[in-house]
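Heads up: the sequence shown begins at 1 in full-length UniProt numbering, then just goes up one per residue. Take a look at the structure below.
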Amino acid sequence: MPSAAAFWTKAAPKYAKSPISDLATYEHTLARTRAFLPPEAKALEIGCGTGTTALKLAGDVKSLLATDIAEGMIAVAQEKPAPANLRFATGIPGDAALAGDAPFDVVLAFNLLHLVPDLPQTLRSIHTLLRPGGRFISKSACLRDGSVFLPPLIWVMQRLGKAPYVGKFNAPHLEQTIAQAGFQIEVAETHGKSFNRFIVATRL
(Lines of atoms letter the chains of each structure in order from A; the text may use other names.)
(Lines give C-alpha, C1' and ligand atoms only; values in the text may rest on other atoms or scores of the structure.)
Protein backbone atom coordinates (compact mmCIF):
# COMPACT_ATOMS: atom_id res chain seq x y z
CA MET A 1 0.00 0.00 0.00
CA PRO A 2 1.47 3.43 -0.91
CA SER A 3 1.98 6.04 1.79
CA ALA A 4 -0.98 8.32 2.48
CA ALA A 5 0.86 11.33 1.06
CA ALA A 6 1.78 9.48 -2.14
CA PHE A 7 -1.71 7.98 -2.53
CA TRP A 8 -3.52 11.31 -2.20
CA THR A 9 -1.00 13.21 -4.32
CA LYS A 10 -1.57 10.72 -7.13
CA ALA A 11 -5.33 10.96 -6.63
CA ALA A 12 -5.40 14.78 -6.55
CA PRO A 13 -6.16 15.54 -10.24
CA LYS A 14 -9.09 13.10 -10.37
CA TYR A 15 -10.27 14.11 -6.89
CA ALA A 16 -10.35 17.77 -7.91
CA LYS A 17 -12.68 17.00 -10.81
CA SER A 18 -15.07 14.80 -8.81
CA PRO A 19 -18.41 16.44 -7.91
CA ILE A 20 -19.69 16.40 -4.34
CA SER A 21 -21.80 13.25 -4.14
CA ASP A 22 -24.46 14.55 -1.72
CA LEU A 23 -24.60 18.33 -2.10
CA ALA A 24 -27.56 18.82 0.26
CA THR A 25 -25.79 17.04 3.12
CA TYR A 26 -22.55 18.89 2.38
CA GLU A 27 -24.33 22.25 2.58
CA HIS A 28 -26.04 21.15 5.81
CA THR A 29 -22.67 20.28 7.34
CA LEU A 30 -21.30 23.67 6.29
CA ALA A 31 -24.28 25.44 7.87
CA ARG A 32 -23.88 23.53 11.14
CA THR A 33 -20.14 24.26 11.14
CA ARG A 34 -20.73 27.98 10.64
CA ALA A 35 -22.93 27.99 13.74
CA PHE A 36 -19.80 27.24 15.81
CA LEU A 37 -17.33 29.58 14.07
CA PRO A 38 -16.73 32.92 15.82
CA PRO A 39 -15.94 35.63 13.26
CA GLU A 40 -12.76 36.53 15.18
CA ALA A 41 -11.51 32.91 15.19
CA LYS A 42 -8.05 31.83 14.13
CA ALA A 43 -8.84 28.49 12.45
CA LEU A 44 -6.95 25.46 11.16
CA GLU A 45 -8.28 22.83 8.77
CA ILE A 46 -6.45 19.51 8.55
CA GLY A 47 -7.02 17.20 5.60
CA CYS A 48 -8.27 20.07 3.45
CA GLY A 49 -7.83 18.21 0.17
CA THR A 50 -8.07 20.57 -2.79
CA GLY A 51 -9.45 23.37 -0.63
CA THR A 52 -13.14 23.36 -1.53
CA THR A 53 -14.42 23.56 2.05
CA ALA A 54 -11.71 25.98 3.17
CA LEU A 55 -12.71 28.41 0.43
CA LYS A 56 -16.33 28.24 1.55
CA LEU A 57 -15.57 28.78 5.26
CA ALA A 58 -12.75 31.33 5.09
CA GLY A 59 -15.21 34.21 5.11
CA ASP A 60 -16.64 33.05 8.43
CA VAL A 61 -13.40 33.40 10.43
CA LYS A 62 -10.59 35.92 10.90
CA SER A 63 -7.94 33.60 9.45
CA LEU A 64 -7.80 30.03 8.15
CA LEU A 65 -4.74 27.85 7.63
CA ALA A 66 -5.80 24.87 5.48
CA THR A 67 -3.42 21.91 5.43
CA ASP A 68 -3.12 18.47 3.90
CA ILE A 69 -0.61 15.64 4.02
CA ALA A 70 -0.45 15.48 0.21
CA GLU A 71 1.58 18.03 -1.74
CA GLY A 72 -0.53 17.24 -4.81
CA MET A 73 -3.73 18.26 -3.05
CA ILE A 74 -2.19 21.51 -1.81
CA ALA A 75 -0.82 22.28 -5.28
CA VAL A 76 -4.35 22.09 -6.70
CA ALA A 77 -5.73 24.20 -3.83
CA GLN A 78 -3.12 26.90 -4.33
CA GLU A 79 -4.17 27.34 -7.95
CA LYS A 80 -7.63 28.52 -6.87
CA PRO A 81 -8.42 32.19 -6.21
CA ALA A 82 -8.49 32.64 -2.43
CA PRO A 83 -9.19 35.48 0.01
CA ALA A 84 -6.29 37.13 1.82
CA ASN A 85 -7.13 35.45 5.14
CA LEU A 86 -6.77 31.90 3.72
CA ARG A 87 -3.44 30.11 3.40
CA PHE A 88 -2.78 26.59 2.12
CA ALA A 89 0.18 24.51 3.33
CA THR A 90 1.38 20.92 3.50
CA GLY A 91 1.28 19.52 7.02
CA ILE A 92 -0.28 17.20 9.58
CA PRO A 93 -0.97 17.51 13.33
CA GLY A 94 2.29 17.05 15.17
CA ASP A 95 4.38 18.95 12.61
CA ALA A 96 6.63 21.62 14.09
CA ALA A 97 5.43 24.08 11.44
CA LEU A 98 1.83 23.78 12.60
CA ALA A 99 2.87 24.04 16.23
CA GLY A 100 4.53 27.34 15.37
CA ASP A 101 1.17 28.75 14.24
CA ALA A 102 -0.68 27.51 17.34
CA PRO A 103 -2.75 28.01 19.35
CA PHE A 104 -5.89 27.99 17.23
CA ASP A 105 -9.44 28.82 18.27
CA VAL A 106 -10.93 26.18 15.97
CA VAL A 107 -9.59 23.04 14.28
CA LEU A 108 -11.62 21.51 11.44
CA ALA A 109 -11.31 17.94 10.12
CA PHE A 110 -13.83 16.75 7.54
CA ASN A 111 -13.73 13.19 6.19
CA LEU A 112 -10.33 12.66 7.77
CA LEU A 113 -10.31 10.82 11.11
CA HIS A 114 -11.12 7.44 9.56
CA LEU A 115 -8.03 7.84 7.34
CA VAL A 116 -5.41 8.28 10.09
CA PRO A 117 -3.59 5.12 11.27
CA ASP A 118 -3.16 6.34 14.88
CA LEU A 119 -6.41 8.05 15.83
CA PRO A 120 -5.60 8.64 19.54
CA GLN A 121 -2.25 10.25 18.71
CA THR A 122 -3.82 12.45 16.02
CA LEU A 123 -6.46 13.64 18.47
CA ARG A 124 -3.83 14.39 21.12
CA SER A 125 -1.92 16.45 18.55
CA ILE A 126 -5.08 18.35 17.66
CA HIS A 127 -5.64 18.98 21.37
CA THR A 128 -2.22 20.63 21.68
CA LEU A 129 -2.94 22.88 18.68
CA LEU A 130 -6.07 24.34 20.30
CA ARG A 131 -6.28 26.95 23.01
CA PRO A 132 -8.18 25.88 26.17
CA GLY A 133 -11.87 26.21 25.34
CA GLY A 134 -11.18 26.01 21.60
CA ARG A 135 -13.38 23.86 19.39
CA PHE A 136 -12.63 20.78 17.33
CA ILE A 137 -15.23 20.28 14.57
CA SER A 138 -15.20 17.09 12.52
CA LYS A 139 -17.22 14.85 10.28
CA SER A 140 -16.08 11.25 9.98
CA ALA A 141 -17.16 8.01 8.35
CA CYS A 142 -17.94 5.47 11.08
CA LEU A 143 -17.71 2.39 8.89
CA ARG A 144 -18.75 -0.05 11.62
CA ASP A 145 -22.14 1.67 11.50
CA GLY A 146 -22.43 1.16 7.74
CA SER A 147 -22.81 -1.84 5.46
CA VAL A 148 -21.14 -5.08 6.55
CA PHE A 149 -19.90 -5.44 2.96
CA LEU A 150 -17.91 -2.19 3.01
CA PRO A 151 -14.87 -3.28 5.10
CA PRO A 152 -14.16 -6.36 2.91
CA LEU A 153 -14.50 -4.22 -0.21
CA ILE A 154 -12.05 -1.67 1.17
CA TRP A 155 -9.60 -4.47 2.02
CA VAL A 156 -9.66 -5.72 -1.57
CA MET A 157 -9.17 -2.20 -2.93
CA GLN A 158 -6.23 -1.67 -0.57
CA ARG A 159 -4.61 -4.87 -1.80
CA LEU A 160 -4.92 -3.51 -5.34
CA GLY A 161 -3.46 -0.14 -4.34
CA LYS A 162 -6.79 1.58 -5.01
CA ALA A 163 -7.55 2.65 -1.42
CA PRO A 164 -5.51 4.16 1.44
CA TYR A 165 -5.58 3.10 5.09
CA VAL A 166 -9.14 3.25 6.41
CA GLY A 167 -9.96 2.89 10.11
CA LYS A 168 -13.08 0.93 10.97
CA PHE A 169 -14.82 2.25 14.09
CA ASN A 170 -18.37 3.06 15.14
CA ALA A 171 -19.74 6.36 16.43
CA PRO A 172 -19.58 5.48 20.16
CA HIS A 173 -15.93 4.44 19.81
CA LEU A 174 -15.07 7.65 17.94
CA GLU A 175 -16.79 9.83 20.53
CA GLN A 176 -15.09 7.97 23.39
CA THR A 177 -11.68 8.35 21.74
CA ILE A 178 -12.23 12.09 21.24
CA ALA A 179 -13.25 12.46 24.90
CA GLN A 180 -10.21 10.50 26.08
CA ALA A 181 -7.96 12.92 24.17
CA GLY A 182 -9.12 15.76 26.42
CA PHE A 183 -12.30 17.03 24.81
CA GLN A 184 -15.88 17.49 25.93
CA ILE A 185 -18.37 16.68 23.18
CA GLU A 186 -20.95 19.42 22.65
CA VAL A 187 -22.74 18.08 19.58
CA ALA A 188 -22.89 14.66 17.92
CA GLU A 189 -25.16 14.33 14.89
CA THR A 190 -25.66 12.08 11.91
CA HIS A 191 -25.38 13.92 8.61
CA GLY A 192 -26.58 12.20 5.46
CA LYS A 193 -25.69 8.52 5.42
CA SER A 194 -26.15 6.79 8.74
CA PHE A 195 -22.42 6.30 9.30
CA ASN A 196 -21.33 9.94 8.81
CA ARG A 197 -20.89 11.52 12.27
CA PHE A 198 -20.63 15.30 12.78
CA ILE A 199 -19.02 16.16 16.11
CA VAL A 200 -18.29 19.46 17.85
CA ALA A 201 -15.97 19.10 20.85
CA THR A 202 -14.40 21.61 23.23
CA ARG A 203 -10.79 21.37 24.38
CA LEU A 204 -10.67 20.99 28.15
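Every residue gets a Cβ at the ideal spot worked out from N, C-alpha and C, and that includes glycine.
Pairing Pro103 with Arg131, the inter-Cα distance amounts to about 5 angstroms. Taking C-beta separations shorter than 6 angstroms and ignoring five residues to either side along the sequence, the partners of Val61 in its chain run Leu37, Ala41, Ala43, following chain order.
Residue pairing by DSSP leaves Gln78 without any beta bridge partner. Taking Leu98 as the centre and dropping the five residues before and after it, the same chain places the C-beta of Gly91 closer than 6 angstroms to its C-beta, in chain order.
Val107 is a Cβ neighbour of Ile126, given a cutoff of 8 angstroms.
Looking at the DSSP output, Thr202 shares a beta bridge with Arg135, Gln184.
Taking Leu57 as reference, the option from Val76, Glu79, Ile46, Thr33 with the minimal CA-CA separation is Thr33. The alpha carbon of Phe195 has as its nearest neighbour, out of Gln184, His173, Glu45, the alpha carbon of His173. In the DSSP assignment, Ala43 falls within the unbroken beta strand (DSSP E) covering 42-46.
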